[in-house]
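A.B. asks: Start counting the sequence shown at 131; every next residue gets the next number (this note's numbering). Cβ coordinates follow ideal geometry from the N, Cα and C atoms, glycine included. All of these numbers come straight from a predicted model, not from anything done at the bench. Okay, handing you the structure first.
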Amino acid sequence: MILITGGAGYIGSHCALGFLNQGENIIIFDNLENGHIETINSLKQAGKVEFIKGDLRNIQDIEEVFKKYEIDTVIHFAGYIQVEESVKNPSKYYRNNILGSLNLFDTMVKYNVKKIVFSSTCAIYGEPEYTPLDEKHPKNPVNPYGRTKLMIEQILEDYDRAYGLKSIRLRYFNVAGADSQTRIGEWHEPETHLIPNILKSVFEKDKTFKIFGTNYDTFDGTCIRDYVNVEDMAIAHVKAYNYLKQNNKSDYFNIGTSSGSSVKEVFDTAKSVTGKEIKVETLDRREGDAAILIANSEKAKNKLGWISNKTLEDSIKTAYLWEKSRH
Ligand code: UDP
Numbered sequence: 131m132i133l134i135t136g137g138a139g140y141i142g143s144h145c146a147l148g149f150l151n152q153g154e155n156i157i158i159f160d161n162l163e164n165g166h167i168e169t170i171n172s173l174k175q176a177g178k179v180e181f182i183k184g185d186l187r188n189i190q191d192i193e194e195v196f197k198k199y200e201i202d203t204v205i206h207f208a209g210y211i212q213v214e215e216s217v218k219n220p221s222k223y224y225r226n227n228i229l230g231s232l233n234l235f236d237t238m239v240k241y242n243v244k245k246i247v248f249s250s251t252c253a254i255y256g257e258p259e260y261t262p263l264d265e266k267h268p269k270n271p272v273n274p275y276g277r278t279k280l281m282i283e284q285i286l287e288d289y290d291r292a293y294g295l296k297s298i299r300l301r302y303f304n305v306a307g308a309d310s311q312t313r314i315g316e317w318h319e320p321e322t323h324l325i326p327n328i329l330k331s332v333f334e335k336d337k338t339f340k341i342f343g344t345n346y347d348t349f350d351g352t353c354i355r356d357y358v359n360v361e362d363m364a365i366a367h368v369k370a371y372n373y374l375k376q377n378n379k380s381d382y383f384n385i386g387t388s389s390g391s392s393v394k395e396v397f398d399t400a401k402s403v404t405g406k407e408i409k410v411e412t413l414d415r416r417e418g419d420a421a422i423l424i425a426n427s428e429k430a431k432n433k434l435g436w437i438s439n440k441t442l443e444d445s446i447k448t449a450y451l452w453e454k455s456r457h
């Protein structure tokens, strides 16, 4: 069976659907701090899902799972993800992301489970020295969140050398959209991400969408990001899992579309998809935002056979339908 940690969260749950689509049986392990039981209930309607509520910081919680089930591979999403919070409260990030991962990896080694797909991030590269970013770009994360992800990648390299734990690390760029059948979608509290925040301004009367910075060195002054669709992302995980099974070899890949959109372009696309006027105001830059982040995903294309299929418009359409279903 496949164990998915953090499978009640946004990317974890969409990837869980990807594995269910491939006919796999899955176990989801989540403490439901940021994930949602409603998400688990929706997944249970899509296929065979076991849910275990537990916290990776308690090694007994995760050990119970390995004792009870025959696990073949782990897909590891569980962790805190907010950059700003990680700067204010690094202890929370190091304790959860690092200690939680160590507990998981040690338990895997103990139970002889030697394959893992890890959700990493382009934040491990830090301020880009060039774009599009390939996997050879220097790694200088600029906040504790990015540092935890880079450290976990390094721990995985050491665990491969010492214990033969094989990992595929997927370095995500910006993930967007929802399940195309609107069963699950992006649901963060508080919401900090661009697309859901734009769409919330459609449904919530008092909410005005805020653009963080219009004086960046880009063609329209707003930040440029590479928005990869969450269902494409799920396919990347299934391909990474299949690759690991076939090759039993560790590797790492950037997962993005290889093209960028500015905040203003995303906003204009959202206006045209929804057909609504959306209230907008301009604020100062948000601390820590790089001007341009675009992936070079050639390696994922060549070795995993993964390419992004869906457009930004596709992602905004499904995100809109999801947001609509929640209001
Ligand atoms: N952004 C914005 N308003 C918001 C949320 C985000 O202008 O309400 C901008 C943010 O400054 C960044 C881009 O949108 O340039 C993407 O931000 P997001 O938080 O979605 O992802 P990140 O790139 O930080 O991982």
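Please classify N155: does DSSP put it in a helix, a strand, or coil?
C.D. replies: Note: N155 maps to coil in three-state DSSP.
A.B. asks: What do you reckon, is the C-beta of C353 under 6 Å from a heavy atom of the ligand UDP?
C.D. replies: C353 Cβ: within cutoff of the ligand UDP.
A.B. asks: With the cut-off set at 7 Å, would you say E283 and S250 are in Cβ contact?
C.D. replies: Going by C-beta atoms, E283 is nearer than 7 Å to S250.
A.B. asks: Does the region 352-365 come within contact of the region 431-442, defined as at least 3 CB pairs closer than 8 Å?
C.D. replies: With the cut-off at 8 Å, the region 352-365 and the region 431-442 touch.
A.B. asks: Going by C-alpha to C-alpha distance, which of L300, K197, Q212 sits closest to V358?
C.D. replies: The candidate whose alpha carbon is nearest that of V358 is L300.
A.B. asks: Residues bridged to E163 by DSSP?
C.D. replies: DSSP lists no partner for E163.
A.B. asks: Could you check whether the region 155-164 touches the region 174-194, counting it as contact only if at least three pairs of C-beta atoms, one from each stretch, sit closer than 8 Å?
C.D. replies: Yes, since at least three Cβ pairs between the region 155-164 and the region 174-194 fall closer than 8 Å, the two stretches touch.
A.B. asks: If you measure from the CB of K341, is any heavy atom of the ligand UDP nearer than 6 Å?
C.D. replies: Correcting the residue identity first, residue 341 is Ile in this sequence and not Lys. Checking every heavy atom of the ligand UDP against the Cβ of I341, one is found closer than 6 Å.
A.B. asks: Let's test the definition: count the other Cβ atoms within 10 Å of the Cβ of H367 and tell me whether it reaches 16, buried, or not, exposed.
C.D. replies: Buried, because 16 or more other Cβ atoms sit within 10 Å of the Cβ of H367.
A.B. asks: Mind checking whether the beta-carbon of T322 lies closer than 6 Å to any heavy atom of the ligand UDP?
C.D. replies: Yes.
A.B. asks: How should D350 be labelled, buried or exposed, when 16 other C-beta atoms within 10 angstroms of its C-beta is the threshold for buried?
C.D. replies: D350 should be labelled exposed.
A.B. asks: Thinking just about the alpha-carbon of each residue, which of H144, G139, T135 is nearest to the one in T448?
C.D. replies: Selected option, being the one with the closest Cα: H144.
A.B. asks: Mapping the DSSP letters down to three states, classify K337 as helix, strand or coil.
C.D. replies: Of the three classes helix, strand and coil, the one that applies to K337 here is coil, per DSSP.
A.B. asks: Would you list the one or two residues that DSSP bridges to T135?
C.D. replies: Per DSSP, F159, H206.
A.B. asks: Closest by CA to W452, which one among T412, S392, I156, E316?
C.D. replies: If we check each option's Cα against that of W452, E316 comes out closest.
A.B. asks: Which value, in whole angstroms, describes the spacing of the CA atoms of K340 and E257?
C.D. replies: Approximately 23 Å between the Cα atoms of the pair.
A.B. asks: Could you tell me if H206 is buried or exposed, where buried requires 16 or more neighbouring beta carbons within 10 angstroms of its beta carbon?
C.D. replies: The residue is buried, with at least 16 neighbouring Cβ atoms inside 10 Å.
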